[in-house]
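Participant:
Numbering (this note's numbering), first residue to last: 1398 to 1992.
1. Anyone know if the C-beta pair for residue 1682 and residue 1649 falls short of 9 Å?
2. Would you decide whether residue 1484 is buried or exposed? Buried here means 16 or more other CB atoms lie within 10 Å of its CB.
3. Since residue 1496 contacts residue 1530 with CB under 8 Å, what's their CB separation in whole angstroms?
4. Looking at the structure shown, is residue 1777 part of a helix, part of a strand, or coil, going by DSSP?
5. Return yes when the Cβ of residue 1972 is within less than 9 Å of the Cβ of residue 1783, no when it is not.
6. Look at the alpha carbon of residue 1882 and the alpha carbon of residue 1473, and state the distance between them as a whole number of angstroms.
7. Here's a check: name, in chain order, each residue in its chain whose Cβ is nearer than 7 Å to the Cβ of residue 1934, leaving out the five neighbours to either side.
8. Please classify residue 1978: does DSSP put it in a helix, a strand, or coil?
9. Go through the region 1450-1485 residue by residue and report every complete run of the alpha helix (DSSP H) that reaches 4 residues or more, in order.
10. If I follow the unbroken alpha helix (DSSP H) through residue 1674, where does it start and stop?
11. On the DSSP letters alone, give me the boundaries of the beta strand (DSSP E) that residue 1865 sits inside.
12. Under the rule that 16 or more other beta-carbon atoms within 10 Å means buried, what is residue 1877, buried or exposed?
13. Taking just the CA atoms, how far does residue 1666 sit from residue 1656?
14. Rounded to whole angstroms, what is the Cα-Cα separation between residue 1409 and residue 1951?
15. Is the beta carbon of residue 1847 sitting closer than 9 Å to the one on residue 1948?
16. Using DSSP with H/G/I as helix, E/B as strand and the rest coil, what is residue 1705?
17. Quick check on the DSSP output: the beta strand (DSSP E) that includes residue 1805 runs from which residue to which?
18. Alpha carbon to alpha carbon, how far is residue 1653 from residue 1644? Give it in angstroms, no decimals.
19. Given 8 Å as the limit, is there contact between the region 1431-1438 and the region 1716-1731, that is, 3 or more CB pairs closer than that?
20. Buried or exposed: where does residue 2020 fall if 16 or more other Cβ atoms within 10 Å of its Cβ makes it buried?
21. Take residue 1452 and list the residues in its own chain whose beta-carbon comes closer than 8 Å to its own, dropping the five residues that flank it on each side.
22. Quick check on this structure: which residue in 1597, 1608 and 1642 has the alpha carbon closest to the alpha carbon of residue 1621?
23. Need the endpoints of the beta strand (DSSP E) that residue 1850 sits in, please.
24. Specify, as a first and last residue, the run of the alpha helix (DSSP H) that residue 1610 falls within.
25. Have a look at the DSSP bridge pairing and note the partners of residue 1557.
26. Under the criterion of a Cβ to heavy atom distance below 8 Å, does residue 1530 qualify as lining the ligand NAP?
27. On the DSSP bridge list, what partners appear for residue 1568?
28. Excluding the 5 residues preceding and the 5 following residue 1602 in the sequence, name in chain order all residues of the same chain whose CB lies nearer than 8 Å to its CB.
29. Between residue 1810 and residue 1825, what straight-line distance do the alpha-carbon atoms span, to the nearest angstrom?
30. With distances taken from CA atoms, which of 1808, 1795, 1936 and 1902 is nearest residue 1843?
31. Please name the residue, chosen from 1458, 1525 and 1887, that lies closest to residue 1574 on a Cα-to-Cα basis.
32. Among 1799, 1819 and 1786, which one has its Cα closest to the Cα of residue 1384?
33. Could you tell me which residues DSSP puts in a beta bridge with residue 1973?
34. Taking the alpha carbon of residue 1772 as the reference point, which residue from 1970, 1428, 1839 and 1680 has its own alpha carbon closest?
35. For the beta strand (DSSP E) containing residue 1719, name the first residue and the last one.
36. Exposed or buried, residue 1754, counting other C-beta atoms within 10 Å across all chains shown (16 or more means buried)?
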């Protein structure tokens, strides 16, 4: 989906805004965050948007060039030769944030085809957005983006819509997404869902008016810019609408003001100081390609009264960020920002869940300095099946040379891959979103199953890999099942008469790529994650039958610790099956070769 949230104009175009600064929101609503109290942190405490930056963070190798490009854009788009234009969207191109209750009207939000997409997308969206509580006085962003965010305080669900509209008393949206039980989510939608071009939720990175009033923002803040890098995505983003080549920031990439920068010594406006402090402590994340360099604050249309004139001292936001030179103020220090490396991850400060007892080895992954081409190390181990999952069509090629191909149905592709320069797929977590083998096969007593996966913490688990009797639907037999529990732990089981499963203690629904490898032989069963042995079992065999290898979901009815969903919503890559149990050294070499 091509979601483009454009930013409000600045120095040269302030008069073009249709809503004057001092005028309240067009219609007072009593279901916004100023009327219905809700915490600013509605996601999991492990969400990357809530992690405080350490004092020392690495800089991207090309940080200086990236920040120089950002500054050039701030001058070129509604700035001047001497003044950089940085604004805060408050009345257009930013979402209103509503708090719903179970007493609010219930809607099935339906898709309207604003982008002439196939009917498949409409069906997927309609399925995702059933039974949504939306306050009766809710209004979308009045711009042509029409975005809005609704958090149900009773159920914990977060719904975000793009190009939302109410027609004949019924809500419609061109696209959107739903995070069920947001408190267990990292804030990233699966597949193509969500209302932004990045796949990241808007709620956690949008500045609340109350935060500006308090002078304190305790989360990462989102920034849209005109030029974002084509074909490059930085976690926690999962997709991009970037179109520019060269030294440009990528969607999802983070920036920060150095911890050593003395903000107290700089005379900043109240608005610039609050945003600068958040940029220093939590960082800035690139969320969208827009019409100018602009932060997003909750839209005034969703508030009982418009507080921004008072918060901005009756000036435009870009003027506040540029400073009042008559008062001797300094502009927001855009040129002091440092770009962090792609996929930079802040160490999670949230407590880990209490582990379940199992046999594990120390959980320190081996170093990932590349030692060889990843695909070459897989082929050297002589797999009987090797799906790289980088096809843009529905056919799955077998890179093992054994002709064991397959087919993809209703998956998102191409998604960013686990291996640099390669692509992957993302499954939607339903019975239509699968990858399956073309032909039946038989698996011997000794074998290895391996797959790269990325799960974004939506809290419903699901089956990543299985050897199924049925090619697509639930069959009566299912074996060699690799699945994720609701809490993000990973399990593998076989059924030599009865189900026998082993389970990791650590959770892996953290939005990062992980390599899962399972071996089974006369010596027992071993589960590795990122080449670290995380669980072992005594089972030496599986059910003997001819079946289909499948990715994305399958039958889990007889398995212990069944997740809520039998189908996996997340990204999958580099699936391989070997006709022998790989030694630990080979698994380690493969992981290191990822680079």
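Even for Gly, the Cβ is constructed at its ideal location relative to N, Cα and C.
Computed from a predicted structure; not experimentally measured.
Facilitator: So, from the data block:
1. Yes, the pair counts as a contact, with Cβ atoms nearer than the cut-off.
2. Under this definition residue 1484 is a buried residue.
3. At roughly 10 Å, the Cβ-Cβ gap does not stay under 8 Å, so residue 1496 and residue 1530 are not in contact.
4. In the three-state reduction of the DSSP assignment, residue 1777 falls in the helix class, which pools H, G and I.
5. Cβ distance < 9 Å, so residue 1783 and residue 1972 count as in contact.
6. Whole-angstrom Cα-Cα distance: 49 Å.
7. The residues 1897, 1899, 1921 and 1922, in chain order, have a CB closer than 7 Å to that of residue 1934 in the same chain once the five nearest residues on each side in sequence are set aside.
8. Three-state result, residue 1978: coil.
9. Entirely contained in the region 1450-1485, the alpha helix (DSSP H) runs reaching 4 residues are, in chain order, 1460-1473.
10. 1667-1678 is the span of the alpha helix (DSSP H), which, as asked, contains residue 1674.
11. Counting along the chain, residue 1865 sits inside the beta strand (DSSP E) bounded by residues 1859-1865.
12. With at least 16 other beta carbons inside 10 angstroms of its own, residue 1877 counts as buried.
13. If you take the alpha carbons of residue 1656 and residue 1666, they lie about 20 Å apart.
14. Interpretation of residue 1409 is limited by its pLDDT of 37, a score under 50 that renders its predicted location unreliable; no figure is taken from the coordinates.
15. Against a cut-off of 9 Å, the Cβ pair of residue 1948 and residue 1847 comes out as no contact.
16. Residue state for residue 1705 is assigned as helix, using DSSP reduced to three classes.
17. Unbroken beta strand (DSSP E) run through residue 1805: 1803-1806.
18. C-alpha separation (whole angstroms): 18 Å.
19. The region 1431-1438, when compared against the region 1716-1731, does not touch it at the 8 Å Cβ threshold.
20. Lying before the first or after the last residue shown, residue 2020 is absent from the chain, which here runs from 1398 to 1992.
21. Answer for residue 1452: 1656, listed in chain order.
22. Nearest C-alpha to residue 1621 among 1597, 1608 and 1642: 1597.
23. Its beta strand (DSSP E) spans residues 1844-1851.
24. 1606-1611 is the span of the alpha helix (DSSP H), which, as asked, contains residue 1610.
25. DSSP, once it has assigned bridges, lists 1546 and 1574 as partnering residue 1557.
26. This structure simply doesn't include the ligand NAP, nor any ligand for that matter.
27. The partner list for residue 1568 (beta bridge, DSSP) reads 1563.
28. For residue 1602, where only same-chain residues beyond five positions count, the Cβ hits under 8 Å are 1446, 1616, 1617, 1618, 1619, 1682, 1684 and 1693.
29. Taken atom to atom, the span from the alpha-carbon of residue 1810 to that of residue 1825 is near 11 Å.
30. Taking only the C-alpha atoms, the option nearest residue 1843 is 1936.
31. Of 1458, 1525 and 1887, the residue nearest in Cα terms is 1525.
32. No statement about residue 1384 is possible, as the shown extent of the chain runs from 1398 to 1992 and does not include it.
33. Per DSSP, 1783 and 1847.
34. Measuring from the Cα of residue 1772, the nearest candidate turns out to be 1970.
35. No beta strand (DSSP E) holds residue 1719; the alpha helix (DSSP H) holding it covers 1714-1719.
36. Reliability of the predicted coordinates at residue 1754 is poor, the pLDDT of 32 falling under 50, and no value is obtained from them.
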